[in-house]
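Taking it in order: structure first as structure tokens, then the write-up.
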Amino acid sequence: MRILTITKRIFVEMFRDKRTLALMFIAPLFILSLMYFLFQSNTNTVADIGTNNVSSSLIKAIDNKHITIHKMSANASAKQTIRDKDYAGFIKKTNGKLIVTYQNADQNKMAIIKKSVQMALIKTQIKQLAAATKKSKAGLMKMQAQLQQIKKQLPSTISGRIPAPSTPKNMQKPSSLKLSQHYLYGKSNSSFFTTMLPVFLGFMVFFFVFLISGISLLNERNSRTLDRLLATPVKRSEIIYGYLTGYGAVAIIQTAIIVLFCIYVLGIEILGNIAIVLLICFALAMVALSMGLFVSTFAASEFQMVQFIPIVVIHKFSSQV
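When we follow UniProt numbering, the leftmost residue of the sequence shown carries the number 1, and every step to the right adds one.
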């Protein structure tokens, strides 16, 4: 009977707390749905590529519903064009070599371009081989017709000694382009994690600073430390700035450690200035700190603080993913 009484009390407390019910029943479904839309393979992905000095037959072979081809001027630079126009790739033909430069910011688009270029080269070689075979066959048939006419004009004793025409051994082979591949960002073996690491870097900085600062201030309030401070001549603004400065210094140190670990241990590629990366992460940490201090005023316990994570943290980075 006592067990049933305790069980009933737990049920009553849980059903009174709407945030707990939402965290238990709605939040998992929301996060799973969000992950489904973020990480499902998109069959409508279209990759934009620029071309320079590429034959129309090769462009026609490359073109498909997942590729949008843009013809560029003769002096267009591959890297500069990709940066300015946000193209997924750039194809240039020079000295019998097909140079393909990939942006390598989206693994799906890079795979589409690679597959399209390889299939186009195979199609072009097959067409050239078929044309060469057809041309050789037409030449042989013409030679056979001429020999038949000569045989009819010669005596039977001589015409029997004339050998039949044979297939030439050194048949002209179709010209093949040498494929050279370059990458604007990353390397050829870049994985999905390498591509998404900059997003995860910002997420980790925001998530931990938000959670730690919010829970720390919540503990300060529950232990009546804030009440004792308010009883002193200290102003409210001084308390706020003091907390922001103290937690902000710790957040900056934590952010610097995370950024340096990702760069020098995990090997994230930084093409620009590392100081700008640190500055952006510091600004993100200060935003997370402010959000954590603000949201902690609506929570009565650490568990309720965690309930704000799907609302405050996850959706902010879903668009970047």
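In this text, a Cβ means the ideal position worked out from N, Cα and C, and glycines have one as well.
Inset, instruction - Can you tell me the Cβ-Cβ gap for Asn52 and Lys92, rounded? I've got them flagged as a contact below 8 Å. - result: 4 Å
Inset, instruction - Provide the residue(s) that pair with Tyr264 in DSSP beta bridges, ordered along the chain. - result: Partner(s): none; Tyr264 has no beta bridge.
Legend entry - Bridge partner(s) assigned by DSSP for Thr94: Lys97
Inset, instruction - Output the boundary residues of the beta strand (DSSP E) element that contains Asp48. - result: 47-52
Legend entry - Proximity below 8 Å, CB of Gly139 to CB of Ile113: no
Inset, instruction - Whole angstroms is fine: what's the gap from Glu220's alpha carbon to Ser116's? - result: 60 Å
Legend entry - Close beta carbons around Phe15, own chain, < 8 Å, minus the five adjacent residues each side: Leu21
Inset, instruction - In angstroms with no decimal places, state the Cα-to-Cα distance between Lys85 and Val259. - result: 29 Å
Legend entry - Residues that DSSP places opposite Leu217 in a beta bridge: Paired residue(s): none; Leu217 is not in a bridge.
Inset, instruction - Could you name the residues of the same chain whose beta carbon sits closer than 8 Å to that of Ala299, not counting the 5 residues immediately before and after it, in chain order? - result: Gly214, Leu218, Met305, Gln307, Phe308
Inset, instruction - On a CA-only basis, which of Ile263, Thr232, Leu229, Ile239 is nearest Phe200? Give me that one, please. - result: Ile263
Inset, instruction - Report all residues from its chain with a CB closer than 8 Å to the CB of residue 340; omit the five preceding and five following residues, and keep chain order. - result: Given that the chain is displayed from residue 1 to residue 321, the structure contains no residue 340 and the question cannot be resolved.
Inset, instruction - Classify Lys85 as helix, strand or coil using the three-state DSSP reduction. - result: helix
Legend entry - Neighbourhood of Lys97 by C-beta distance below 6 Å, restricted to the same chain and skipping five residues each side: Lys178, Ser180
Inset, instruction - Please state whether DSSP places Lys115 in a helix, a strand or coil. - result: helix
Legend entry - Coil, strand or helix - Thr232 by DSSP: coil
Inset, instruction - Have a look at Thr7 and Lys18 and give me their C-alpha separation to the nearest angstrom. - result: 18 Å
Legend entry - Rounded C-alpha distance that separates Gln253 from Phe282: According to the sequence provided, residue 253 is Ile. The question's Gln does not apply to it. If I take the Cα positions, the gap works out to 9 Å.
Legend entry - Extent of the continuous alpha helix (DSSP H) to which Lys178 belongs: Unbroken run through Lys178 is the beta strand (DSSP E), 178-183; no alpha helix (DSSP H).
Inset, instruction - Using 10 angstroms around the beta-carbon of Ala78, count the other beta-carbons present and answer buried if the total reaches 16, otherwise exposed. - result: buried
Inset, instruction - Report, in whole angstroms, the separation of the C-beta atoms of Tyr87 and Gly50, which I expect to be a contact under 8 Å. - result: 5 Å
Inset, instruction - Just the C-alpha distance for Ala251 and Ala285, rounded to the nearest angstrom, thanks. - result: 6 Å
Legend entry - Residues near Thr94 by beta carbon distance below 7 Å, same chain, minus five either side: Asn53
Legend entry - Separation of Thr5 from Val321, as counted between CA atoms: Reliability of the predicted coordinates at Val321 is poor, the pLDDT of 49 falling under 50, and no value is obtained from them.
Inset, instruction - Under 7 Å Cβ to Cβ from Thr124, same chain only, skipping five residues before and after it: list those, please. - result: Ser57, Leu58, Ala61
Inset, instruction - Specify, as a first and last residue, the run of the beta strand (DSSP E) that Lys71 falls within. - result: 67-71
Legend entry - Alpha carbon of Ile3 to alpha carbon of Val12, nearest angstrom: 14 Å
Inset, instruction - Note the first and the last residue of the continuous alpha helix (DSSP H) segment covering Ser57. - result: 56-62
Legend entry - Assigned exposure category for Asn104 - 16 Cβ within 10 Å defines buried: buried
Inset, instruction - Using the Cα positions of Thr45 and His66, report the straight-line distance between them to the nearest angstrom. - result: 6 Å
Inset, instruction - Look at Leu278 and Ala249 and say whether their C-beta atoms are less than 8 Å apart. - result: no
Inset, instruction - Use the C-beta contact count for Gly246: other C-beta atoms within 10 angstroms, 16 or more gives buried, fewer gives exposed. - result: exposed
Inset, instruction - Tell me whether Leu211 is buried or exposed, calling it buried when 16 or more other Cβ atoms sit within 10 Å of its Cβ. - result: buried
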